[in-house]
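J.: To convert, note that position 10 of the sequence shown is 9 in numbering that gives the first Met the number 0; the numbers rise steadily by one, no gaps.
Here it is, the structure, as structure tokens.
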Amino acid sequence: MFTDFSPARLTVSPSSSQLFDRDSVSLSCEEDDSFAGWTLRRNTTTDTRTQCEDWGEPAGSSCNITGIDPMDSGVYWCQSTQGATSNSINITVTGGAVILQSPVLPVMEGHDVTVRCEARSPPSSLPAAFYKDGSLIGAEPTGHMTIRRVSKADEGLYTCNISGHGASPPSWLSVTGQEVTLVSALSSSTCSPDQVDSLCRETCSYSPALRLHPPPACTQTGPPPGGVLSILHLHSPHGVSISTPTNR
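Listed below in structure tokens is the structure:
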């Protein structure tokens with residue numbers, strides 16, 4: 000069993016942390032508890048903790064903004080009637096000629112991520128230079144750059160520049176630790192000895208290759224006769240709990 004304790008998750012479409020003014024955007028609360036009364040809220044330079052009704056068009060647990068404006072730049076999140084909050088998303092709206100399309104949510108360590116430099120006027124995909132923390136990291140003829148197997152070292156402030164059009168606003172790329180993933184061996188009550196090597200040590204911790212800090216803790220039995228290790232519960236501070244049945 001896999002359980003995510005996050006009560007709601009904010010998503011944005013189009014999935015970009017930067018938008019041109021007069022674009023349209025939809026923000027949605029993906030909620031586990033439909034009775035919690037989740038609503039969209041935001042902090043901008045002009046308003047604080049205001050609800051969707053004040054600046055957008057509510058549609059259930061979503062909020063649509065048509066003709067977005069630079070004054071709509073700010074931090075957005077979902078909040079329940081009990082005061083619980085989701086992840087937050089930073090959105091930058093520019094009246095300039097170039098934006099950097101980058102993930103609005105943290106990127107998982109080990110995954111690939113693509114950032115795109117887009118011009119307001121067509122053609123939108125033009126040769127672009129990319130910068131991280133003010134230093135040039137590459138130039139791409141198609142206007143997009145892929146960072147392979149991202150790590151914490153790739154976290155930072157990114158911008159791009161299209162010759163003759165200008166530079167984008169800065170955008171922060173956040174990198175988070177690798178998530179715990181259910182695998183077939185954990186869907187049953189046991190790990191065989193060869194699976195113990197790759198999935199869980201005899202001390203019942205995950206392989207260091209998963210790079211979880213701090214590592215998950217769990218309880219275990221055995222190994223019983225036959226060299227089979229039964230996993231009872233795995234608990235992770237990274238927002239998941241994995242349980243497997245003890246009956247064979």
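Virtual Cβ for every residue (Gly too), placed ideally from N, Cα, C.
So, with DSSP's three-state summary, where would you put Pro-13?
T.: Here residue 13 refers to the residue found at position 14 when the sequence shown is read from its first residue. Coil, per DSSP.
J.: With DSSP as the reference, label Pro-248 as helix, strand or coil.
T.: Residue 248 is absent from the structure shown; the chain starts at 0 and stops at 247.
J.: Have a look at Asn-86, Ser-27, Pro-6 and flag the residue whose alpha-carbon is nearest the alpha-carbon of Ser-12.
T.: Sequence index remark: in the sequence shown, residue 12 carries index 13 (1-based). The option with the nearest alpha carbon to Ser-12 is Ser-27.
J.: Rounding to the nearest angstrom, what Cα-Cα distance links Thr-10 and Leu-135 in this structure?
T.: By one-based count along the sequence shown, residue 10 stands at place 11. By one-based count along the sequence shown, residue 135 stands at place 136. Going from the Cα of Thr-10 to the Cα of Leu-135 covers about 30 angstroms.
J.: When DSSP labels each residue in this structure, what does Glu-30 get in the three-state scheme?
T.: As a first step, residue 30 is located in the sequence shown; it is residue number 31 there, counting from the start. Strand at Glu-30.
J.: So what's Ala-152 in DSSP terms, helix, strand or just coil?
T.: For the purposes of this step, residue 152 is identified with residue 153 of the sequence shown, where counting begins at 1. It is helical.
J.: Curious, which full-length alpha helix (DSSP H) runs of at least 4 residues does the segment 83 to 137 contain?
T.: Qualifying alpha helix (DSSP H) stretches: none in this window.
J.: Excluding sequence positions up to five away, which residues of its chain have a Cβ less than 6 angstroms from the Cβ of Val-74?
T.: Within the sequence shown, residue 74 is the residue found at index 75, counting from 1. Only Asn-42, Ser-87, Asn-89 meet the Cβ criterion.
J.: Can you give me the C-alpha to C-alpha distance between Phe-19 and Gly-94, rounded to a whole angstrom?
T.: For the purposes of this step, residue 19 is identified with residue 20 of the sequence shown, where counting begins at 1. For the purposes of this step, residue 94 is identified with residue 95 of the sequence shown, where counting begins at 1. Each residue's alpha carbon lies about 6 angstroms from the other.
J.: Cutting at 7 angstroms between CB atoms, please list the residues of its own chain near Cys-51, excluding the five before and the five after it.
T.: Within the sequence shown, the letter at position 52 stands for residue 51. Thr-38, Leu-39, Pro-57, Cys-62, listed in sequence order.
J.: Based on the DSSP secondary-structure assignment, which residues constitute the bridge partners of Glu-139?
T.: Residue numbering aside, residue 139 sits at position 140 when the sequence shown is read from its first letter. In the DSSP output, where bridge partners are listed per residue, Glu-139 has Ala-127.
J.: Return the Cβ separation of Ser-72 and Thr-91 in integer angstroms, given the expectation that the two are a contact with Cβ distance under 8 angstroms.
T.: Residue numbering aside, residue 72 sits at position 73 when the sequence shown is read from its first letter. Residue numbering aside, residue 91 sits at position 92 when the sequence shown is read from its first letter. Confirmed, about 5 angstroms.
J.: Compare the beta carbon distance of Val-112 and Val-106 with 8 angstroms and say whether it is the shorter of the two.
T.: Counting from one through the sequence shown, the residue named residue 112 turns up at place 113. Counting from one through the sequence shown, the residue named residue 106 turns up at place 107. Contact flag set, yes.
J.: Tell me the rounded alpha-carbon separation between Ile-98 and Thr-145.
T.: In the sequence shown, counting from the first residue as 1, residue 98 sits at position 99. In the sequence shown, counting from the first residue as 1, residue 145 sits at position 146. Roughly 16 angstroms separates the two Cα atoms.
J.: What separation, rounded to the nearest whole angstrom, lies between the Cα atoms of Ser-162 and Ser-101?
T.: Numbered from 1 along the sequence shown, position 163 holds the residue referred to as residue 162. Numbered from 1 along the sequence shown, position 102 holds the residue referred to as residue 101. The straight-line gap from Cα to Cα measures roughly 20 angstroms.
J.: Going by beta carbon distance, what residues of the same chain come within less than 6 angstroms of Thr-45, once the five residues before and after it are set aside?
T.: Looking up residue 45 in the sequence shown gives position 46. The answer, listed in chain order, is Met-70.
J.: I think Glu-154 touches Ser-173, with their Cβ atoms under 8 angstroms apart; what is that distance to the nearest whole Å?
T.: Position 155 of the sequence shown, counted from the start, is the residue given in the question as residue 154. Position 174 of the sequence shown, counted from the start, is the residue given in the question as residue 173. Glu-154 to Ser-173, Cβ: 6 angstroms. Contact.
J.: For Ser-79 versus Pro-6, is the C-beta spacing smaller than 8 angstroms?
T.: Within the sequence shown, numbered from 1, the residue matching residue 79 stands at position 80. Within the sequence shown, numbered from 1, the residue matching residue 6 stands at position 7. Against a cut-off of 8 angstroms, the Cβ pair of Pro-6 and Ser-79 comes out as a contact.
J.: Taking all protein chains shown into account, do 16 or more other C-beta atoms lie within 10 angstroms of the C-beta of Ser-14, making it buried, or fewer, making it exposed?
T.: Position 15 of the sequence shown holds residue 14. It is exposed - the Cβ of Ser-14 has fewer than 16 other Cβ atoms within 10 Å.
J.: Which value, in whole angstroms, describes the spacing of the CA atoms of Lys-151 and Glu-30?
T.: In the sequence shown, the residue the question calls residue 151 occupies position 152. In the sequence shown, the residue the question calls residue 30 occupies position 31. One C-alpha to the other measures close to 29 angstroms.
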